[in-house]
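Notes to accompany the following structure.
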Amino acid sequence: MARSFDTLTAAEIAAGIAAGDFSAAEVCTAALDAIAAREPEVQAFLQVTPELAQEAAARIDAARAAGEALGPLAGVPLAIKDNMNLAGTRTTCASRMLENYESPYTATCVARMLAAGCIPVGKANMDEFAFGSSTDSSAFHPTNNPWDTARVPGGSSGGSAAAVAAGMVPLSLGSDTGGSIRQPAALCGVVGMKPTYGAVSRYGVVAFGSSLDQVGPFGRTVADVALAMDALVSGGRDPYDSTAQDVVPGFVAAAASAEDLAGTRIGLVPAFMEAEGLTAEVRAGVERAASALEAAGAELVEVDLPHVDAAIAAYYVIGPAEAFSNLARFDGIRYGYQEPGCANLAQQSALSRAHGFGDEAKRRQMLGAYLLSSGVYDTYYYAAQKARTLITADYTAAFAQVDAILMPATPHAAFRHGEISDPTQMYLSDMYTISLNIAGNGGIVVPVGLGEDTGLPMAAQLVAPAFADERLVTYAAVIERALADAATGAPVLGVAPACAGKGGELA
Amino acid sequence: MALTQEDVRGIADYARIALEGDELAQMTAYMNDAVAMLEPVLAYNLPDVEPTFHPIGDLSNVMREDAAAPERDLARDAALGNAVATRGDSFRVPSILGEGEA
Amino acid sequence: MRELKEVLEDWEAVIGLEIHTELTTLDTKMFCNCKLTHDDEPNTHVCPVCLGLPGALPVPNRRAIESIVKAGLATNCEIQKHSMFYRKHYFYPDMAKNFQTTQGPVAFCMHGRLDLEVTGRGAEERPACAFGEAEAASLASASAGAVGLSADLSRRADSQPAPTGADACAQNDPAPNDAGGTALAGLSSYDTAALATAERREDGSYTVPIRILRIHMEEDAAKMVHVGGEEGRIGGAAESLIDYNRCGTPLIELVTEPDLRTPEEARLFMEKLRRIFLTLGISDCSMEKGSMRCDGNVSLRRRGDAKLGVKTELKNLNSFKALHDGLAYEICRQAEVLEAGGEIYQETRHWEPSRKRTVVMRTKETADDYRFFPDPDLAPFDLTDEFIAHCAAEIPELPDAKRDRYQRDFGIKRADAEQIAGDPACADFFEEAAAGLAGKAAQTVANLIVNELTGYLNAAGAEVTLETCGIAPAQVASLARLLAEDAISSNQAHEVFTLMAETGDDPAKIVDERGMRQVSDTAALQPIVDAVLARCADQAQQYRDGNQKVLGFLVGQCMRESRGQGNPKLFNELLRASLS
Numbered sequence: 071m072a073r074s075f076d077t078l079t080a081a082e083i084a085a086g087i088a089a090g091d092f093s094a095a096e097v098c099t100a101a102l103d104a105i106a107a108r109e110p111e112v113q114a115f116l117q118v119t120p121e122l123a124q125e126a127a128a129r130i131d132a133a134r135a136a137g138e139a140l141g142p143l144a145g146v147p148l149a150i151k152d153n154m155n156l157a158g159t160r161t162t163c164a165s166r167m168l169e170n171y172e173s174p175y176t177a178t179c180v181a182r183m184l185a186a187g188c189i190p191v192g193k194a195n196m197d198e199f200a201f202g203s204s205t206d207s208s209a210f211h212p213t214n215n216p217w218d219t220a221r222v223p224g225g226s227s228g229g230s231a232a233a234v235a236a237g238m239v240p241l242s243l244g245s246d247t248g249g250s251i252r253q254p255a256a257l258c259g260v261v262g263m264k265p266t267y268g269a270v271s272r273y274g275v276v277a278f279g280s281s282l283d284q285v286g287p288f289g290r291t292v293a294d295v296a297l298a299m300d301a302l303v304s305g306g307r308d309p310y311d312s313t314a315q316d317v318v319p320g321f322v323a324a325a326a327s328a329e330d331l332a333g334t335r336i337g338l339v340p341a342f343m344e345a346e347g348l349t350a351e352v353r354a355g356v357e358r359a360a361s362a363l364e365a366a367g368a369e370l371v372e373v374d375l376p377h378v379d380a381a382i383a384a385y386y387v388i389g390p391a392e393a394f395s396n397l398a399r400f401d402g403i404r405y406g407y408q409e410p411g412c413a414n415l416a417q418q419s420a421l422s423r424a425h426g427f428g429d430e431a432k433r434r435q436m437l438g439a440y441l442l443s444s445g446v447y448d449t450y451y452y453a454a455q456k457a458r459t460l461i462t463a464d465y466t467a468a469f470a471q472v473d474a475i476l477m478p479a480t481p482h483a484a485f486r487h488g489e490i491s492d493p494t495q496m497y498l499s500d501m502y503t504i505s506l507n508i509a510g511n512g513g514i515v516v517p518v519g520l521g522e523d524t525g526l527p528m529a530a531q532l533v534a535p536a537f538a539d540e541r542l543v544t545y546a547a548v549i550e551r552a553l554a555d556a557a558t559g560a561p562v563l564g565v566a567p568a569c570a571g572k573g574g575e576l577a
Numbered sequence: 007m008a009l010t011q012e013d014v015r016g017i018a019d020y021a022r023i024a025l026e027g028d029e030l031a032q033m034t035a036y037m038n039d040a041v042a043m044l045e046p047v048l049a050y051n052l053p054d055v056e057p058t059f060h061p062i063g064d065l066s067n068v069m070r071e072d073a074a075a076p077e078r079d080l081a082r083d084a085a086l087g088n089a090v091a092t093r094g095d096s097f098r099v100p101s102i103l104g105e106g107e108a
Numbered sequence: 042m043r044e045l046k047e048v049l050e051d052w053e054a055v056i057g058l059e060i061h062t063e064l065t066t067l068d069t070k071m072f073c074n075c076k077l078t079h080d081d082e083p084n085t086h087v088c089p090v091c092l093g094l095p096g097a098l099p100v101p102n103r104r105a106i107e108s109i110v111k112a113g114l115a116t117n118c119e120i121q122k123h124s125m126f127y128r129k130h131y132f133y134p135d136m137a138k139n140f141q142t143t144q145g146p147v148a149f150c151m152h153g154r155l156d157l158e159v160t161g162r163g164a165e166e167r168p169a170c171a172f173g174e175a176e177a178a179s180l181a182s183a184s185a186g187a188v189g190l191s192a193d194l195s196r197r198a199d200s201q202p203a204p205t206g207a208d209a210c211a212q213n214d215p216a217p218n219d220a221g222g223t224a225l226a227g228l229s230s231y232d233t234a235a236l237a238t239a240e241r242r243e244d245g246s247y248t249v250p251i252r253i254l255r256i257h258m259e260e261d262a263a264k265m266v267h268v269g270g271e272e273g274r275i276g277g278a279a280e281s282l283i284d285y286n287r288c289g290t291p292l293i294e295l296v297t298e299p300d301l302r303t304p305e306e307a308r309l310f311m312e313k314l315r316r317i318f319l320t321l322g323i324s325d326c327s328m329e330k331g332s333m334r335c336d337g338n339v340s341l342r343r344r345g346d347a348k349l350g351v352k353t354e355l356k357n358l359n360s361f362k363a364l365h366d367g368l369a370y371e372i373c374r375q376a377e378v379l380e381a382g383g384e385i386y387q388e389t390r391h392w393e394p395s396r397k398r399t400v401v402m403r404t405k406e407t408a409d410d411y412r413f414f415p416d417p418d419l420a421p422f423d424l425t426d427e428f429i430a431h432c433a434a435e436i437p438e439l440p441d442a443k444r445d446r447y448q449r450d451f452g453i454k455r456a457d458a459e460q461i462a463g464d465p466a467c468a469d470f471f472e473e474a475a476a477g478l479a480g481k482a483a484q485t486v487a488n489l490i491v492n493e494l495t496g497y498l499n500a501a502g503a504e505v506t507l508e509t510c511g512i513a514p515a516q517v518a519s520l521a522r523l524l525a526e527d528a529i530s531s532n533q534a535h536e537v538f539t540l541m542a543e544t545g546d547d548p549a550k551i552v553d554e555r556g557m558r559q560v561s562d563t564a565a566l567q568p569i570v571d572a573v574l575a576r577c578a579d580q581a582q583q584y585r586d587g588n589q590k591v592l593g594f595l596v597g598q599c600m601r602e603s604r605g606q607g608n609p610k611l612f613n614e615l616l617r618a619s620l621s
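So the protein lines, in turn, are chains H, B and G. Take 71 as the starting number for the first sequence in this note's numbering and just add one per residue. Take 7 as the starting number for the second sequence in this note's numbering and just add one per residue. Take 42 as the starting number for the third sequence in this note's numbering and just add one per residue.
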């Protein structure tokens, strides 16, 4: 009996291949079929890589035939955000600047997913250089939210979230600098996790804000995200990233241990729950998650994060400053767009950057160049890094009282393309995600059903102390199970209905 | 103390971003909006608070051994492969005249 | 233009140096695993990190950090346990990322000092008026902040109002504004009052302390070749070609306080530093290849003035001679401009050795703004006591200590001891050749090394080094013995040395095989003396009449008669005796 590949979790695919129920090549074909059928509506990818995927699938089938041990994600199709290098693909960052950039090497996070057995099916769309919350700033095309194609999938990792929500892949990688994994996960109704800064190597991921960026996975279940996390941290600290740290791969075990939460204290921040701009349906969704945790035995405790109101301002000092610095290298000389016919270098650089970068990329770099300039730096940058100290201390103090904090991920459901046109207005929609990038600790977003007003995906966010990320999957799994379909045990949100079952039959 | 178009032009020159047509006016408006949004942070320039330049503060002295890793080297074709302009084995840039160096 | 010596009577030159040294003895670059290279094919030692590819990240080389800590310890710096790498932004294609990774207001090494011994003719450059109280006043009013050293960080500080006059002495903190005072709070700064000032000794020599502001760690830039312009200069070049092999090479930059007052002092400082770095083994210190490079800052002020003049920065000082001559020219040029009522502009000037002049490279009308900020990709450093102790334990005996020991234990001349001790290979050679010797015998070995061996190596070219030339310490010891025994004359020593270097034979064997051994037997020489006196009766009479000079002619005749093998000193004695 034919069934759609999108009904399977990553764990089930890997188990089915290991058991011989189907081959990696068959899964690969199904994934490519699903992409072909669903991509016209969703447009999650900038590049689909059938050859790379088929080669990887063939290697796995050959390994199995030879009796070799298979990786924990053997044969699982993976989408990769297009700011991550994978040799054999272009890495464009959704920018004209890098339209033709061939990756000369492979990012550590990608290499580790491939080492665990994933098959790379393509590079996912994003806001240009990860500057944005809608994926609309991609230089090539927007991505549509699979739940309502008139709406954005969120951003900047919108392609990665949409590909999972549309059932084109069970897993994808994104990067999160101010919410770029968690916000699109919330808007697309999938699980998304930003681990603690340093848990996953940033080597090979095109930098936006070096002290803020962190790589993490998207999946449709907490268990799948846990599998990806174990793959990402396996092998220990990456020697190519000075800011990476050792993390023990205990995520799968942590997700499976979701049982009794007696003795666990979960914090709620009243200021967040009562914030202006938070919609009733999002608040109701977070309350459903709170009830689920309480029902499992957790105690709900109010905590305060007194300095968190400075987070957005601090973020828009630190982020652009680091972005200006990181993007200075794009001058069209060694790689990237080069303006033809320039008489001298200064003109060539200025025009290559003017025409290679989109508006938001230029805005952020201009702001950063101003904020780092002599005199201004003292006033803003220093203050922002002091605010960072205070925000970090807020979290530390809160975690002295509670094991994790539950909060919204976004103030509202997915918005329509073009609905938020003012850049500074767009910045404010990151209010619930940004403080974690400032402090560095990890967060997970888990779906809690559809909103009663919009009918769109709703989500809750859990936040844990630094390097206590395994708690996130434990508590998220409790929420997931509490809200699951009583009959089938399926998560409250699966593949977006308009996409489910379209193409991708697995024989 | 708003940024003028002249200020913004100076920053753009420094950042090697040519602003064409009405981009200068738009960028100036944006910069002033954005800087206004950053206002809350000014209250945090407190004398008794140390700045945090690196999150997750206990990391220090990260070093590697002084050992070659030939597998990391790029073949010259790969090194030059993404460049639009090369000459022989080198990257090529047009005249640097006007860059302020002799 | 007036002569330097004359100019320095009226004007005080305030000189500071910035010395970049590539850590060439490491295997790999500063932040990646690419091999260090000097002359490979372009762009063959590059990787995502040093090519600045999107997504690449830096990881610091432990031995580079150890090397700079050793450099700091050997130059009496305070080792700063806590420091960070910063990003210094400038758009120029020799830096692949368009920023250089360097250090912030706190460098690994701060506030060091080297004492210079200035002797001989070089000491004459500093006029008599520049000693004692005048020198103390001069030191107090000149400091890095005041003179606006173009050290990376003070460039940022350049944009602050320049301190003037009496305020200047407090302004030796070049911190960028981000330091906010806190980063430097733990640093002691120097006490200028306690600093020893130069006093001239009777022989004209003097010792002067030169303060070191800082030594920081950074990465070198790529090499650029400018095509189509005159002599590879940018002016008129149609295009430039970039080779990133050198990009990312570990580089340490030492910045002195502006304590140098003469070109000779600058040259000596550079020489001394080079000897120390060679001894530490952290670099090949080749000025020729560019692994050690020096920029000079110089300004003039009237003798007795506290207010500093406007400084210029000199580039292309890529030999000891260029360093001295470039500074000397620039001092004279500035004096001429100032004496004619002109103005000195803050600018960078290029020394042209062939034309013996400096020319403007660029004028700094506004201070550069490098947008310094702490590099978020690199964790901060908190060096442990163990790490520093480990570095200290690896420091060998330094040149000054070695020089003093050679003078004390071997009894050789201080100047020779200084020269030998400054080159680690040469010092090892000397110690082996002179083992067990002292006084005159050791001095003979030193003479052979300083004159014959050095001369031979210089003539042999850059490919031949002490290690590869094939000359063994035992051979030099043997040659010294022959000289001490009067078996050969010092004139013969040069010939024997050359034969020894060519054949690899022991000098005694060479002398014997070629019948060069000097005859010092009175009985054998007296008949020759008698014969010469009989043949040269006129000259003999002239000597007896009081013409002493003719004795040299008679010794020469004896030497000829003996086919060069008679001991000239003995001939001399025998002739005098016979004629008296």
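Ideal placement from N, C-alpha and C gives every residue a C-beta, glycine not left out.
Interface with chain B (9 Å Cβ-Cβ cutoff): lysine 193/H is excluded. Contact between the region 335-353 of chain H and the region 432-445 of chain H is absent: fewer than 3 CB-CB pairs across the two stretches fall below 8 Å. Secondary structure at lysine 111/G: helix, using DSSP grouped into helix, strand and coil. Along the region 31-55 of chain B, the positions whose C-beta sits under 9 Å from a C-beta of chain H are Gln32, Met33, Tyr36, Met37, Asp39, Ala40, Val41, Ala42, Met43, Leu44, Glu45, Pro46, Val47, Leu48, Ala49, Tyr50, Asn51, Leu52 and Val55, read in chain order. Taken in chain order, the complete beta strand (DSSP E) segments of 3 or more residues contained in the region 350-398 of chain G are 353-356 and 388-393. In this structure, the straight-line span from the alpha carbon of histidine 257/G to that of alanine 255/H is close to 45 Å. For histidine 267/G, the enclosing beta strand (DSSP E) has its first and last residue at 264-268. In this structure, glutamate 388/G sits near threonine 404/G, with a CB-CB distance shorter than 9 Å. Short of 8 Å from the beta carbon of alanine 263/G, and not among the five residues preceding or following it, lie these beta carbons of its own chain, in chain order: Pro134, Asp135, Met136, Ala137, Ile283, Asp284, Tyr285, Asn286, Arg287 and Cys288. The C-alpha of phenylalanine 318/G is placed about 11 Å away from the C-alpha of glutamate 63/G.
Within the region 497-563 of chain G, the runs of alpha helix (DSSP H) that reach at least 4 residues and sit entirely inside it are, in chain order, 514-525, 531-544 and 548-554. Contact annotation for glutamate 26/B against chain H: Ala424 [CB-CB distance below 8 Å, chain order].
For the pair leucine 180/G and leucine 254/G, the Cα-to-Cα distance works out to about 14 Å.
Where lysine 481/G is concerned, the enclosing alpha helix (DSSP H) starts and stops at 480-488. With contacts defined by Cβ atoms closer than 9 Å, glutamate 119/G and glycine 145/G do not form a contacting pair. Taking a beta-carbon distance threshold of 9 Å, glutamate 172/H counts as an interface residue toward chain B. Note on geometry: alpha-carbon atoms of arginine 134/H and alanine 144/H lie some 10 Å from one another.
Beyond the five residues adjoining it in sequence on each side, glutamine 583/G comes within less than 6 Å, by CB distance, of Val591 in the same chain, given in chain order. The Cβ atoms of isoleucine 87/H and alanine 94/H sit closer than 9 Å to each other. Methionine 125/G has a beta carbon lying within less than 9 Å of a beta carbon in chain B. The residue among Pro168/G, Val486/G and Ala564/G with its C-alpha nearest the C-alpha of glycine 607/G is Ala564/G.
Proline 110/H sits exposed, since fewer than 16 C-beta atoms from the chains shown fall within 10 Å of its C-beta. Going by DSSP, isoleucine 475/H is part of the beta strand (DSSP E) stretching over 474-477. As the crow flies, the alpha-carbon of glutamate 172/H is around 15 Å from that of leucine 92/G.
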